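A short worksheet on the structure shown next.
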Amino acid sequence: MKFSKFGQKFTQPTGISQLMDDLGDALKSDQPVNMLGGGNPTKIDAVNELFLETYKALGVDNDADVPNSSAIISMANYSNPQGDAGFIDALVGFF
Numbered sequence: 086m087k088f089s090k091f092g093q094k095f096t097q098p099t100g101i102s103q104l105m106d107d108l109g110d111a112l113k114s115d116q117p118v119n120m121l122g123g124g125n126p127t128k129i130d131a132v133n134e135l136f137l138e139t140y141k142a143l144g145v146d147n148d149a150d151v152p153n154s155s156a157i158i159s160m161a162n163y164s165n166p167q168g169d170a171g172f173i174d175a176l177v178g179f180f
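Sequential numbering from 86 applies to the sequence shown in this note's numbering.
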């Protein structure tokens, strides 16, 4: 499809979409990574322990006794631009 110059500007990658893709790719890697860019909150052990206790008290996470449980990950990491796969699967199942 051929776009006007104006339309071409909207089909080009943006800085934020490239950053979010890079952050999403880093999370998929088997290498350890400290997510300190793009406005992403850092993981602080003492804070994660408080989060963990809160999730245990709420009873929402089936692996809440694991320090890097899905509960902690969901609060400490942004999803990639396509969205969180687990959330999408749950949403599809819901509908």
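All C-beta atoms, glycine included, are put in the ideal place defined by N, C-alpha and C.
Note that the structure is predicted; figures quoted are calculated from it, not measured.
Going by beta carbons, residue 128 and residue 161 fall inside the 7 Å limit. In the three-state reduction of the DSSP assignment, residue 129 falls in the coil class.
Residue 107 and residue 141 have their alpha carbons spaced roughly 32 Å apart.
In this chain, the alpha helix (DSSP H) harbouring residue 113 covers 100 to 113. In the displayed model, residue 174 falls within a helix according to three-state DSSP. Between residue 165 and residue 100, the gap from beta carbon to beta carbon reaches 7 Å or more.
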